[in-house]
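J.: Here it is, the structure in full.
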Amino acid sequence: MASSTDVKKIVGDLDKESFVSLLSKLIGESKYLQNNPPELIPQEDLAVKHVLDSLLPHSTTTGGGLLVIKHVTYFPGRGNVIVEYPGTVPGKILSFVGCHMDVVTANPNDWEFDPFSLSIDGDKLRGRGTTDCLGHVALVTELMRRLAETKPKLKSTVVAVFIANEENSAISGVGVDALVKDGLLSRLKDGPLFWIDTADKQPCIGTGGMIPWKLHVTGKLFHSGLAHKAINPLELAMEALKEIQLRFYRDFPPHPKEEVYGFATPSTMKPTQWSYPGGGINQIPAECTISGDVRLTPFYNVKDVMKKLQEYVDDINENIGNVESRGPVSKYILPDENLRGSLTLSFDEAMSGVACDLNSRGFHVLCKATEEVVGHVKPYSITGSLPLIRELQDEGFDVQTAGYGLMATYHAKNEYCLFSDMRQGYQVFVSVISQLED
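Heads up: the sequence shown at position 262 corresponds to 261 in numbering that gives the first Met the number 0, and the numbers run straight through without jumps.
Dropping the structure here:
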């Protein structure tokens, strides 16, 4: 078997020309990989084609090599790809998962360069998907191609999984959720699973859950010059939301483990949008809606929080007369008309955060590889949310996360990554494989 030093020598460094060529093809498809249904439904098989063009010549499918490749599709044009480089020890395995072939939307009018074609500015590789996540698709494809070309004799089987439908959950049963349901990833539980879809070259050891909420407030419409005859839903919404937030922060304070994991913020509950049906400046409206989200560190349970928020709203509705009012005629009950203001809380689809296992072999080899290649290791946690990985952890996978794009350009206008960062990512992957041989 190859020693860890041998593996690095055999596999070598990232081939810049090959990587940039593949990335250019992938970014050239990104206009058709935007995921925002129902208007924009990505056709991930456009990206799959370029991955397969690179890897099939080295596969058992063509007889040209050792790679075992499965193209798995649940919706027409929306495929996933599982690529396996076989090792010699049964049950010894590691995987690179999470490289997704869909992207968030981009409006060319808002960008300084064409988002849908790769452009190069020194070390910068620019275009939609370079950081999230087509850059990683190209990177892991190059890793698997290089393994197939150099044929190191590994104890571990190395698996790469390229997935569809990560950026939007409106349509399910397309990507990794379906692969897990069908048992196609079950073998990956026997070793560390590295989810490659974060940024900034350091291990991301914690992410936040997200609970999108809407608070609809009903009052009574009336002329603003006769405010005593109205129930002002805007005032009620502001006061009720303040009370809800106070209770949330009382019940879900900063958790002691957040410091251990280095979370940048504790759990938060806040408004982000406000809407009302419209009307004149001299009208107190009949209703309004405040929307926002809860970002929840993974040490609290999403369902517990949703239950509590509903309890807060129910209690405020029952005691609507006790809610703080604004001025001598501001009120939320009109006894003569038997009218009361009211709140209705609803939720969109929620997701849970994840706290990676800090005692796992996968975490330790990722940290050692990062320190070796990048020069330092500083794991971090954020209450940004990554879909799907908590479900994988709950299914028994040892999920660790990393990424080699730039957080500053993640989902942003003028997205780019740095070739030098991607090269270091490749070296980290090779180091991880090497360490797991020992």
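Positions of the beta carbon are idealized from the N, C-alpha and C atoms, including for glycine.
(1) Check whether the Cβ atoms of VAL353 and GLN434 sit closer than 7 Å, and answer yes or no.
(2) Return the CA-CA distance between PRO255 and PHE262, expressed in angstroms with no decimal places.
(3) Where does ILE432 fall in DSSP's three states?
(4) Quick one: Cα of GLN201 to Cα of VAL372, how far?
(5) Who are the Cβ neighbours of MET143 in its own chain at under 7 Å, not counting the five residues just before and after it?
(6) Is the CB-CB distance between LEU117 and GLY126 below 7 Å?
(7) Give a yes or no on whether the C-beta atoms belonging to GLY76 and ASP44 are separated by under 7 Å.
(8) Fully enclosed by the segment 185 to 267, which beta strand (DSSP E) runs are 3 residues long or longer?
(9) Please classify ASP393 as buried or exposed, where buried requires at least 16 other C-beta atoms within 10 Å of its C-beta.
(10) By the three-class DSSP mapping on this structure, what secondary structure does GLY442 have?
(11) Among residues of its own chain, excluding the 5 on either side of ASN34, which ones have a beta-carbon nearer than 6 Å to its beta-carbon?
(12) Shortest alpha-carbon distance to GLN423 belongs to which of THR369, LEU387 and ASN358?
(13) Taking only the alpha-carbon atoms, compute the straight-line gap between LEU13 and LEU39 and give it to the nearest angstrom.
(14) Of the residues MET268, TRP194 and PHE346, which one's Cα is nearest the Cα of LEU385?
(15) Assuming PHE396 and LYS188 are in contact, meaning their beta carbons sit under 8 Å apart, how far apart are those beta carbons, in whole angstroms?
(16) Report the CB separation of ILE230 from TYR331 in whole angstroms; it is logged as a contact under 8 Å.
(17) Hey, LEU405 and THR197: beta-carbon distance below 7 Å or not?
(18) Quick check on the burial criterion: 16 or more other C-beta atoms within 10 angstroms. Buried or exposed for GLU286?
(19) If I measure Cβ to Cβ from ASP113 and keep anything under 7 Å in the same chain, skipping five residues before and after, which residues do I get?
(20) Output the boundary residues of the beta strand (DSSP E) element that contains GLY78.
(21) To test your reading of the DSSP string, which unbroken alpha helix (DSSP H) runs of 4 or more residues are found completely within the segment 0 to 28?
(22) Just the C-alpha distance for ASP176 and LEU184, rounded to the nearest angstrom, thanks.
(23) Secondary structure at LYS150, three-state DSSP: helix, strand or coil?
(24) Could you name the residues of the same chain whose beta carbon sits closer than 6 Å to that of ILE283, not counting the 5 residues immediately before and after it, in chain order?
(25) Inspect the beta-carbon positions of PHE344 and LEU214 and report whether they are closer than 7 Å.
(26) Helix or strand or just coil, what does DSSP make of SER53?
(27) Can you give me the C-alpha to C-alpha distance between LEU308 and GLU242, rounded to a whole angstrom?
(28) Reducing DSSP to helix, strand and coil, say where CYS355 ends up.
(29) Assign ARG389 to one of two classes, buried (16 or more other C-beta atoms within 10 Å of its C-beta) or exposed (fewer than that).
(30) Write down the C-beta distance between GLU436 and LEU153 rounded to the nearest angstrom, noting that I regard them as a contact closer than 8 Å.
(31) Which same chain residues, not among the five before or five after THR59, have their C-beta less than 8 Å away from its C-beta?
(32) Let me know the secondary structure DSSP gives HIS70 once reduced to three states.
T.: Short version:
(1) no
(2) 11 Å
(3) Looking at ILE432 - three-state DSSP - the assignment turns out to be helix.
(4) Rounded to the nearest angstrom, the two C-alpha atoms are 11 Å apart.
(5) LEU54, LEU66, VAL82, TYR84 and ALA159
(6) yes
(7) yes
(8) 191 to 195, 203 to 206 and 208 to 217
(9) exposed
(10) Here the chain comprises residues numbered 0 to 437, so residue 442 is not present and cannot be evaluated.
(11) PRO41, ASP101, GLU166 and ASN167
(12) When each option's Cα is compared against that of GLN423, the closest is THR369.
(13) 34 Å
(14) Of the listed residues, the one whose Cα sits closest to LEU385 is TRP194.
(15) 5 Å
(16) Confirmed, about 6 Å.
(17) no
(18) buried
(19) PRO107
(20) 77 to 84
(21) 3 to 10 and 15 to 26
(22) 10 Å
(23) coil
(24) Within the same chain, ILE283 has close Cβ partners PHE221, SER223, ALA229 and ASN231.
(25) Just to set this straight, residue 344 is Leu in the shown sequence, not Phe. Their beta carbons are under 7 Å apart, which means LEU344 touches LEU214 by this criterion.
(26) helix
(27) In a straight line, the C-alpha of LEU308 is about 11 Å away from that of GLU242.
(28) coil
(29) buried
(30) 6 Å
(31) LEU65, LEU66, VAL67 and ILE68
(32) Strand.
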